[in-house]
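Q:
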Amino acid sequence: MIAVEELTKTYGTFRAVDDVSFVARPGEVTGFLGPNGAGKSTTLRILAGLTRPDRGTATIGGRHLSEIPNPGRHVGILLDASAQHVGRTGREVLTLAARTIGLPDARVDEMLALVGLDATEARRRIRDYSLGMRQRLGIAQALLGDPAVLILDEPANGLDPAGIRWMRTLLKGYADRGGTVLLSSHLLNEVELIADEMILIGHGRI
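Numbering (the working numbering), first residue to last: 2 to 207.
#1: By the DSSP assignment, the alpha helix (DSSP H) with Leu130 in it spans what residues?
#2: Pro27 and Thr170 - do their beta-carbons sit closer together than 8 Å?
#3: Once you ignore the five residues that flank Asp129 on each side, which residues in its own chain have a CB closer than 6 Å to its CB?
#4: In the structure shown, what three-state DSSP assignment does Ile195 receive?
#5: Run the CB neighbour count on Pro148, radius 10 Å, all protein chains shown included, and call it buried at 16 or more, exposed below.
#6: Do the CB positions of Gly159 and Arg135 come within less than 8 Å of each other?
#7: Taking only runs that begin and end inside the stretch 45–117, name each unbroken beta strand (DSSP E) of 3 or more residues, in chain order.
#8: Decide yes or no for the touch test of the stretch 33–48 against the stretch 93–105: beta carbon pairs closer than 8 Å, at least 3 of them.
#9: Kindly indicate which residue of Asp19, Met112, Asn190 has the alpha-carbon position closest to the one of Val5.
#10: Given a cut-off of 8 Å, decide if Leu79 and Asp177 are closer than it, judged by their beta-carbon atoms.
#11: Can you tell me which of Gly91, Gly57, His187 puts its alpha carbon nearest to the alpha carbon of Gly38?
#12: Would you kindly check if the distance between the Cβ of Glu191 and the Cβ of Glu29 is under 8 Å?
#13: Please report the residue range of the beta strand (DSSP E) in which Thr11 lies.
#14: Which residue's Cα is closest to the Cα of Leu194: Gly203, Gly179, Lys173, Ile202?
#15: Terminal residues of the continuous alpha helix (DSSP H) containing Gly40?
#16: Per DSSP, what are the beta-bridge partners of Leu34 in this structure?
#17: Starting from Arg166, trace the alpha helix (DSSP H) both ways and give me its first and last residue.
#18: Keeping to the same chain, check which residues put their C-beta closer than 7 Å to that of Pro45; ignore five residues upstream and five downstream.
#19: Within a Cβ cutoff of 6 Å, which residues of the same chain sit near Leu132, ignoring the five residues on either side of it in sequence?
#20: Cβ of Leu113 within 8 Å of Cβ of Leu145?
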């Protein structure tokens with residue numbers, strides 16, 4: 002379970018997140034909705050341990066991400082699909098991630114097949130990937146360790162309608178097997194088709 006309690010983060014005079022509290026439960030897809038600049042990404046960065054809050058807590062299974070041993074085996078995170086090393090191939094990105102968290106290379110093939118990146122695409126450099134392909138690769142990396150929790154920031158960006166339907170089915174099946182999904186988006190019509198619960202944020206407040 003994801004638990005966010007009284008989370009606050011200020012940059013100078015701008016309060017990006019203002020006393021935010023919510024939970025995302027196992028077996029559910031929780032939609033985290035709001036316009037650009039509403040505080041979604043800041044909240045997810047705090048959950049991922051990339052940003053320190055001014056006040057409050059953000060825990061996964063009762064612990065901060067930094068306290069979880071080998072967190073890639075427990076939590077899958079996709080915050081920015083464009084943040085991958087553009088000089089590496091898709092296969093290299095997943096292989097390095099798999100070895101880092103102690104998984105066999107065979108897991109890489111499973112993930113490439115799951116997200117629909119064929120052998121030719123897996124050998125291409127990330128610089129030659131479309132945004133949709135980068136999103137698929139990012140989802141593959143998030144799922145690599147078979148985690149119990151998924152945190153995804155705008156994962157539908159760049160996906161075509163078939164890709165969005167594929168992602169919807171994938172995440173719904175993941176939650177049906179007991180996984181916890183926190184899905185950030187500014188697209189209400191997309192999230193309402195998959196979310197079991199929706200949290201709305203605007204100007205940093207729920």
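C-beta: ideal position from N, C-alpha, C; glycine also. Computed from a prediction, not measured in an experiment: that's the story for all the values here.
A: According to the data block:
#1: Here residue 130 refers to the residue found at position 129 of the sequence shown. Position check: residue 130 holds Tyr in this sequence, whereas Leu was assumed. For Tyr130, there is no enclosing alpha helix (DSSP H), as DSSP marks it with neither H nor E.
#2: Working through the sequence shown from its first residue, we reach residue 170 at position 169. Working through the sequence shown from its first residue, we reach residue 27 at position 26. Result no, Cβ atoms of Thr170 and Pro27 do not sit closer than 8 Å.
#3: As a working mapping, residue 129 is identified with position 128 in the sequence shown. Hits under 6 Å: none found.
#4: Counting from 1 along the sequence shown, the entry for residue 195 is found at position 194. Ile195 carries a coil assignment under DSSP once its states are collapsed to helix, strand and coil.
#5: On the sequence shown, position 147 is the one that residue 148 refers to. The residue in question, Pro148, is buried, as its Cβ has 16 or more Cβ neighbours within 10 Å.
#6: For the purposes of this step, residue 159 is taken as residue 158 along the sequence shown, with counting starting at 1. For the purposes of this step, residue 135 is taken as residue 134 along the sequence shown, with counting starting at 1. Between Gly159 and Arg135, the CB-CB gap stays under 8 Å.
#7: Within the stretch 45–117, the complete beta strand (DSSP E) runs of at least 3 residues fall at 56–61, 76–79.
#8: Output reads no: the stretch 93–105 does not touch the stretch 33–48.
#9: Translated into positions along the sequence shown, residue 5 becomes position 4. Out of Asp19, Met112, Asn190, Asp19 has the C-alpha closest to the C-alpha of Val5.
#10: Counting from one through the sequence shown, the residue named residue 177 turns up at place 176. Counting from one through the sequence shown, the residue named residue 79 turns up at place 78. No; because the gap between Cβ atoms is not below 8 Å, this pair is not in contact.
#11: Indexing the sequence shown from 1 puts residue 38 at position 37. Comparing Cα positions, the closest option is His187.
#12: Mapped onto the sequence shown, residue 29 falls at position 28. Mapped onto the sequence shown, residue 191 falls at position 190. Taking C-beta atoms as the reference points, Glu29 and Glu191 fail to come closer than 8 Å.
#13: Your numbering for residue 11 matches position 10 in the sequence shown. Unbroken beta strand (DSSP E) run through Thr11: 3–12.
#14: The sequence position of residue 194 within the sequence shown is 193, counting from 1. When only C-alpha atoms are compared, the closest one is Lys173.
#15: Position 39 of the sequence shown, counted from the start, is the residue given in the question as residue 40. Careful: Gly40 lies outside any alpha helix (DSSP H) and carries neither H nor E.
#16: To locate residue 34, count along the sequence shown from 1; it is residue 33. In the DSSP assignment, Leu34 is bridged to Ser186, Leu201.
#17: By one-based count along the sequence shown, residue 166 stands at place 165. From DSSP, the alpha helix (DSSP H) with Arg166 extends over 162–177.
#18: The count along the sequence shown starts at 1 and reaches residue 45 at position 44. Rather than Pro, the amino acid found at residue 45 in this sequence is Leu. Same-chain partners within the cutoff: Leu80, Ile152, Asp154, Ser185.
#19: Locating residue 132 in the sequence shown gives position 131, where the first residue counts as 1. Gly159.
#20: As a position in the sequence shown, residue 113 is number 112, starting the count at 1. As a position in the sequence shown, residue 145 is number 144, starting the count at 1. Contact: no.
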